[in-house]
Amino acid sequence: MQKSRQRLVALIVKETMQLLRDRRTLMMVLGLPLIELFLFGYAVSLTVYHIPTAIVDQNKTPQSRDFIQALVNSQYFDVTENLQSQGQVVDEMDAGHVKAGVVIPPDFPTDLENGNANVLILLDGSDSFSVQSGYSAASIVAQNYSIQLTAEKIDQAGAAAGSLQQANVMPITTSIQVLYNPDLRDLWFILPAIIGMILQSMAVVLSAMAVVREREVGTLEQILATPTRPLELILGKMIPLLVLCLIIIGITLGLGVFWFGVPFKGSFYLYLWLSLLFIASSLGLGLLVSTIARNQRQAQQITQMLMIFSMLLTGLIYPRNAMPALSQFIGDLIPLTYFIRISRGIVTKGVGLAFFWGDALVLLIYGLVVMVTASFNFKNRLD
Amino acid sequence: MTDEIALSMEGLSKRFRTSGGWNIAVDHLSLQVRRGETYGLIGPDGAGKTTTIRLLLGLLSRTEGKSSILGFDSMNDVYEIRERVGYIAQQFVLPADLTVMENMSFFANIQGVTREEQKNHIPELLAFAGLTDFTDRLAGQLSGGMKKKLALACSLIHEPQVVMLDEPTLGVDPVSRREFWNLLGNLRAEHGLTIFVCTPYMDEAERCTQIGLIYEGKLIASDTPNQIKHLVAGELLELTPSRFVPAQELMTGLEGVLEVQTYGEKLHVFVDQANRRMAQIEAALKAEGITDEGIRPIEVRMEEAFISLIRRQTNTEMKPAPEIALKGRV
Numbered sequence: 001m002q003k004s005r006q007r008l009v010a011l012i013v014k015e016t017m018q019l020l021r022d023r024r025t026l027m028m029v030l031g032l033p034l035i036e037l038f039l040f041g042y043a044v045s046l047t048v049y050h051i052p053t054a055i056v057d058q059n060k061t062p063q064s065r066d067f068i069q070a071l072v073n074s075q076y077f078d079v080t081e082n083l084q085s086q087g088q089v090v091d092e093m094d095a096g097h098v099k100a101g102v103v104i105p106p107d108f109p110t111d112l113e114n115g116n117a118n119v120l121i122l123l124d125g126s127d128s129f130s131v132q133s134g135y136s137a138a139s140i141v142a143q144n145y146s147i148q149l150t151a152e153k154i155d156q157a158g159a160a161a162g163s164l165q166q167a168n169v170m171p172i173t174t175s176i177q178v179l180y181n182p183d184l185r186d187l188w189f190i191l192p193a194i195i196g197m198i199l200q201s202m203a204v205v206l207s208a209m210a211v212v213r214e215r216e217v218g219t220l221e222q223i224l225a226t227p228t229r230p231l232e233l234i235l236g237k238m239i240p241l242l243v244l245c246l247i248i249i250g251i252t253l254g255l256g257v258f259w260f261g262v263p264f265k266g267s268f269y270l271y272l273w274l275s276l277l278f279i280a281s282s283l284g285l286g287l288l289v290s291t292i293a294r295n296q297r298q299a300q301q302i303t304q305m306l307m308i309f310s311m312l313l314t315g316l317i318y319p320r321n322a323m324p325a326l327s328q329f330i331g332d333l334i335p336l337t338y339f340i341r342i343s344r345g346i347v348t349k350g351v352g353l354a355f356f357w358g359d360a361l362v363l364l365i366y367g368l369v370v371m372v373t374a375s376f377n378f379k380n381r382l383d
Numbered sequence: 384m385t386d387e388i389a390l391s392m393e394g395l396s397k398r399f400r401t402s403g404g405w406n407i408a409v410d411h412l413s414l415q416v417r418r419g420e421t422y423g424l425i426g427p428d429g430a431g432k433t434t435t436i437r438l439l440l441g442l443l444s445r446t447e448g449k450s451s452i453l454g455f456d457s458m459n460d461v462y463e464i465r466e467r468v469g470y471i472a473q474q475f476v477l478p479a480d481l482t483v484m485e486n487m488s489f490f491a492n493i494q495g496v497t498r499e500e501q502k503n504h505i506p507e508l509l510a511f512a513g514l515t516d517f518t519d520r521l522a523g524q525l526s527g528g529m530k531k532k533l534a535l536a537c538s539l540i541h542e543p544q545v546v547m548l549d550e551p552t553l554g555v556d557p558v559s560r561r562e563f564w565n566l567l568g569n570l571r572a573e574h575g576l577t578i579f580v581c582t583p584y585m586d587e588a589e590r591c592t593q594i595g596l597i598y599e600g601k602l603i604a605s606d607t608p609n610q611i612k613h614l615v616a617g618e619l620l621e622l623t624p625s626r627f628v629p630a631q632e633l634m635t636g637l638e639g640v641l642e643v644q645t646y647g648e649k650l651h652v653f654v655d656q657a658n659r660r661m662a663q664i665e666a667a668l669k670a671e672g673i674t675d676e677g678i679r680p681i682e683v684r685m686e687e688a689f690i691s692l693i694r695r696q697t698n699t700e701m702k703p704a705p706e707i708a709l710k711g712r713v
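Here the protein sequences come in this chain order: A and B. For the first sequence, this note's numbering assigns the number 1 to the initial residue and increments by one for each residue that follows. For the second sequence, this note's numbering assigns the number 384 to the initial residue and increments by one for each residue that follows.
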């Protein structure tokens, strides 16, 4: 028992020293999260503003100009061209000059009076993010506009002892209240998930590489020829990596909260404990990769594949409930899926364990299963 | 005590599954090494030396047979073995990004050597290996010879009773090789250490008390170096003919010639009686118009003995004579 502790400490010290001396890897491990965070914080946005737009105003009245101004004011549309027909808009879109087109019919003011105004919005479907942003922005503008018009109409009608019945239009107002993230800021949504993504990719790559590299170089053979037990060897590698991953959490979370101003609403300690669970599962997954991969290149390929699946299938960006069953199932096999829900729950919503105990339990079981499987696969022999 | 068995193998076999079936790496090896002996397992690359050493240490699982070190079974008592045995793998496999001192204390701790023991033992071993002045140097930046000495020092840190060395002088310059073997000699003399060493170098075989010749996974002979040399029938003649290939063909057909081996630009010819055949050979060469720089009888060395023994083995199995790459010259 005492010798076992001595061996474990020796292995931890060795791994830590090697980790600290491998400057290039260390720079990558600590630098990459910063780069990713700054990219998502400043460069990447899931909402598209200032879509180049062609306008076909077949009405040319104050009402139509008013509507166009409302579109521009929304910040989503920039009028770059004024054209004569729908056909011209399609041509310009084909040429890639515009990504949206708005066609206002000749009878626009009359139709507005009647409450059945119809404006045609053309969107470039080859750019799905523009379509999403443009579509939702246009419909909000149109809705606001008609509501505004309706309200004005009612005022006039009311002055004439009026009647809503006479106006023949019911003033319908839709009230949308966005919870947790009222301004719909992308980073608030992305940060809790991207922390998980960074952690998982680091943990898997580092733990897989730690074992595969040592096997490839041959150091593993020399260490196996000592009384070291497989479990000591595994723990000796995993514990320093666990600490490194905690440092990464500190960096990313600190940057997100203090630099980008993403509010941290829940319990920090709960977050820390559940992160540990998540890191352990990811390290275990990496260990499992190391038992399959024969060399460093294979390990890298497997972890890259895992990254792609994680990007697409875990709910990082694309909502999982819109996915077919198979995609959801594959996502279920990746620890990030569970951690993203936990992370968003704690960071963005500020809720407690009661709301995601299921995810936490899955992570716990996942970690145990992966670690035990990997330990069994990890033999005290070379074959 | 000298008769006590340190290492034993009985019908030890290892087969690897390959894409084309089974590859027999070690084929029913049986041998015993007594305590205090230096046993050299000699054979060309790919003969199964590394596999044998790994099987003994339990680093590979055996397919068949039995093997044990100090009475502990290689498969079932791996940790008992690994506590008592020092091992140097073929390549340099100490952590290269740790210093000499860090490597020493890492292996000391991993072998469960107490702090007090380390305090005395590590400086002793560093002095023994001539590394005292290099304690802060990264292991990866040592010269080939120093790397091997560090590996030896690390493998001795827990005062093992047996050390297993897999081609310890591979890629080491001649001077360092001699130094390394002198260290091994001291160990045997002072500590009564049992040494099991694999090597393709024939001159190193002479340094062992017992040697085993291994070829294609089979043990061809196992005895003292002197006895091995006497296993070869006949006496040996050396000549340097002006035209090599015709001379070689001519020799093979001559009466009394047992075997012809090539040795650089020289021919080594085993004959039944050296004195009687020398004149005959010279006459035969002259008849063919081949000049010769002088034919002379020489001592049979390990290299010639080994090639001869392997040929004999493969001839009985009706296989074509092998081209054997041996590392005889330093």
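Glycine residues also receive a C-beta, built at the ideal position from the N, C-alpha and C atoms. In this text the structure is predicted, and so the values were computed from the model without any measurement.
Practice prompt. Taking 8 angstroms as the threshold, find out whether the stretch 216 to 235 of chain A comes into contact with the stretch 446 to 466 of chain B through three or more Cβ pairs.
Written response: yes
Discussion item. Please tell me whether Thr386 (chain A) has its Cβ less than 7 angstroms away from any Cβ of chain B.
Written reply: The question about residue 386 (chain A) has no answer, for chain A in this structure spans 1 to 383.
Worksheet item: According to the neighbour-count rule (16 or more other Cβ atoms, all chains shown, within 10 Å of its Cβ), is Leu272 (chain A) buried or exposed?
Response: Within the first sequence, numbered from 1, the residue matching residue 272 (chain A) stands at position 272. Exposed, since its Cβ has fewer than 16 Cβ neighbours within 10 Å.
Fill in: Straight-line Cα distance separating Pro33 (chain A) from Phe67 (chain A)
On the first sequence, residue 67 (chain A) is found 67 positions in, with the first residue counted as 1. On the first sequence, residue 33 (chain A) is found 33 positions in, with the first residue counted as 1. In a straight line, the C-alpha of Phe67 (chain A) is about 44 angstroms away from that of Pro33 (chain A).
Practice prompt. Tell me where the alpha helix (DSSP H) around Pro62 (chain A) begins and ends.
Written response: Reading the first sequence from its first residue, position 62 is the one you call residue 62 (chain A). Pro62 (chain A) -> alpha helix (DSSP H) spans Pro62 to Asn73.
Discussion item. Taking 8 angstroms as the cut-off, does the stretch 366 to 379 of chain A touch the stretch 277 to 296 of chain A (at least 3 CB pairs, one atom from each stretch)?
Written reply: yes
Worksheet item: At a CB-CB cut-off below 7 angstroms, which residues of chain A make contact with Phe489 (chain B)?
Response: Against the second sequence, residue 489 (chain B) aligns to sequence position 106. Residues of chain A passing the Cβ test: Ala10 and Lys14.
Discussion item. Using a 10 Å radius around the Cβ and a threshold of 16 neighbouring Cβ atoms, would you call Met685 (chain B) buried or exposed?
Written reply: Indexing the second sequence from 1 puts residue 685 (chain B) at position 302. It counts as buried.
Worksheet entry | Nearest-angstrom Cα separation, counted from Asn377 (chain A) out to Phe627 (chain B) | Here residue 627 (chain B) is taken as the residue at index 244 of the second sequence, counted from 1. Here residue 377 (chain A) is taken as the residue at index 377 of the first sequence, counted from 1. Straight-line Cα distance between these residues: approximately 57 angstroms.
Worksheet entry | Coil, strand or helix - Cys591 (chain B) by DSSP | By 1-based counting over the second sequence, the position of residue 591 (chain B) is 208. Three-state result, Cys591 (chain B): coil.
Worksheet item: Comparing alpha-carbon positions, which option in B:Lys531, B:Gly419, B:Ala604 and B:Ala662 lies nearest Gly513 (chain B)?
Response: Here residue 513 (chain B) corresponds to residue number 130 of the second sequence, with the count starting at 1. Checked all of B:Lys531, B:Gly419, B:Ala604 and B:Ala662; the closest Cα to Gly513 (chain B) is B:Lys531.
Discussion item. Residues in the same chain with beta-carbon distance under 7 angstroms from Ser375 (chain A), minus the five sequence neighbours each way, listed in chain order, please.
Written reply: To locate residue 375 (chain A), count along the first sequence from 1; it is residue 375. Closer than 7 angstroms at the Cβ level, and outside the excluded window around Ser375 (chain A), lie Pro230, Leu231 and Ile234.
Worksheet entry | Glu621 (chain B) - DSSP class collapsed to helix/strand/coil | Residue mapping note: residue 621 (chain B) aligns to position 238 of the second sequence, counting from 1. Reduced to three states, the DSSP call for Glu621 (chain B) is strand.
Worksheet item: Listing by chain order, which chain D residues have their CB less than 8 angstroms from the CB of Gln298 (chain A)?
Response: Although the question refers to chain D, the structure presented lacks it and instead comprises the protein chains A and B.
Item to complete: Under 8 angstroms between beta-carbons, which chain A residues line up against Ala472 (chain B)? List them in chain order, please.
Response: Along the second sequence, read from residue 1 onward, the residue named residue 472 (chain B) stands at position 89. Gly218, Glu221, Gln222 and Ala225, listed in chain order.
Worksheet item: Across which residues does DSSP place Trp405 (chain B) in a beta bridge pair?
Response: The residue you call residue 405 (chain B) lines up with position 22 of the second sequence. Looking at the DSSP assignment, Trp405 (chain B) forms a beta bridge with B:Arg400.
Worksheet item: Between Leu382 (chain A) and chain B, is there a C-beta pair that is closer than 7 angstroms?
Response: The residue you call residue 382 (chain A) lines up with position 382 of the first sequence. Interface residue, yes.
Fill in: Simplified DSSP state of Tyr646 (chain B), which is helix, strand or coil
Position 263 of the second sequence, counting from 1, holds the residue named residue 646 (chain B). It is a strand residue.
Worksheet item: Thinking C-alpha only, which one of B:Leu566, B:Cys537, B:Leu508 and B:Leu443 is nearest Leu481 (chain B)?
Response: Here residue 481 (chain B) refers to the residue found at position 98 of the second sequence. Per the Cα distances, B:Cys537.
Practice prompt. Please work out which residues of its chain come closer than 8 angstroms, Cβ to Cβ, to Gly575 (chain B), disregarding the five sequence neighbours upstream and downstream, and give them in chain order.
Written response: By 1-based counting over the second sequence, the position of residue 575 (chain B) is 192. Hits under 8 angstroms: Arg418 and Gly419.
Worksheet item: Going by beta carbon distance, what residues of the same chain come within less than 8 angstroms of Leu20 (chain A), once the five residues before and after it are set aside?
Response: Counting from one through the first sequence, the residue named residue 20 (chain A) turns up at place 20. So the list reads Leu26, once near-sequence residues are dropped.
Worksheet item: From A:Arg24, A:Phe129 and A:Val141, pick the residue whose C-alpha is nearest to that of Gln75 (chain A); which is it?
Response: For the purposes of this step, residue 75 (chain A) is taken as the residue at position 75 of the first sequence. Selected option, being the one with the closest Cα: A:Val141.
Worksheet item: In its own chain, which residues sit with a C-beta less than 7 angstroms from the C-beta of Thr623 (chain B), not counting the 5 before and 5 after it?
Response: For this step, residue 623 (chain B) is matched to residue 240 along the second sequence. Once the five neighbours on either side are set aside, the close Cβ partners of Thr623 (chain B) are Glu648, Lys649, Asp675 and Glu676.
Worksheet item: Nearest to Val654 (chain B) by CA position, among B:Ala522, B:Ala572, B:Met634 and B:Gly672, is which residue?
Response: The sequence position of residue 654 (chain B) within the second sequence is 271, counting from 1. Among B:Ala522, B:Ala572, B:Met634 and B:Gly672, the Cα nearest to that of Val654 (chain B) belongs to B:Met634.
Practice prompt. Pick out whichever of A:Ala54, A:Gln69, A:Pro109 and A:Ala293 has its Cα sitting closest to the Cα of Gln84 (chain A).
Written response: Walking along the first sequence from the start, residue 84 (chain A) turns up at place 84. Here the closest residue by C-alpha is A:Ala54.
Worksheet entry | For Pro680 (chain B): DSSP bridge partner residues | By one-based count along the second sequence, residue 680 (chain B) stands at place 297. B:Leu620.
Worksheet entry | Per DSSP, the bridge partner or partners of Met392 (chain B) | Position 9 of the second sequence, counted from the first residue, corresponds to residue 392 (chain B). Partner(s): B:Leu414 and B:Ser450.
Worksheet item: So what does DSSP say about Ile611 (chain B), is it helix, strand or coil?
Response: Along the second sequence, read from residue 1 onward, the residue named residue 611 (chain B) stands at position 228. It is helical.
Discussion item. Less than 7 angstroms between the C-beta atoms of Val643 (chain B) and Leu620 (chain B), yes or no?
Written reply: One-based indexing of the second sequence puts residue 643 (chain B) at position 260. One-based indexing of the second sequence puts residue 620 (chain B) at position 237. Cβ atoms of Val643 (chain B) and Leu620 (chain B): not closer than 7 angstroms.
Item to complete: Please go through the same chain and pick out, in chain order, the residues whose beta-carbon is closer than 7 angstroms to the beta-carbon of Ser451 (chain B), but skip the five residues on each side of it.
Response: As a first step, residue 451 (chain B) is located in the second sequence; it is residue number 68 there, counting from the start. Correct list, in chain order: Ser391 and Ser457.
Worksheet item: How would you list, in chain order, the residues of chain A whose beta-carbon sits under 7 angstroms from the beta-carbon of Val640 (chain B)?
Response: For this step, residue 640 (chain B) is matched to residue 257 along the second sequence. Near Val640 (chain B) there are no residues of chain A at all, since even the closest Cβ is about 46 angstroms away, more than 7 angstroms.
Worksheet entry | Straight-line Cα distance separating Thr421 (chain B) from Arg571 (chain B) | Here residue 571 (chain B) refers to the residue found at position 188 of the second sequence. Here residue 421 (chain B) refers to the residue found at position 38 of the second sequence. Cα to Cα, the separation comes out at about 8 angstroms.
Discussion item. Closest to Thr577 (chain B) by C-alpha separation, out of B:Met585, B:Thr592, B:Ala588 and B:Tyr584, would be which residue?
Written reply: Position 194 of the second sequence, counted from the first residue, corresponds to residue 577 (chain B). Measuring from the Cα of Thr577 (chain B), the nearest candidate turns out to be B:Thr592.
Worksheet item: Cα-Cα, which of A:Gly218, A:Ser201 and A:Ala137 is closest to Cys245 (chain A)?
Response: Numbered from its first residue, the first sequence carries residue 245 (chain A) at position 245. Cys245 (chain A) has its Cα closest to that of A:Ser201, out of A:Gly218, A:Ser201 and A:Ala137.
Practice prompt. Could you pull the start and end residues of the alpha helix (DSSP H) that Ile436 (chain B) belongs to?
Written response: Within the second sequence, the letter at position 53 stands for residue 436 (chain B). Segment Lys432 to Leu439, the alpha helix (DSSP H) holding Ile436 (chain B).
Worksheet item: Using 7 angstroms as the limit for Cβ to Cβ distance, is Arg7 (chain A) near chain B?
Response: Translated into positions along the first sequence, residue 7 (chain A) becomes position 7. Yes, because at least one Cβ of chain B sits closer than 7 angstroms to the Cβ of Arg7 (chain A).
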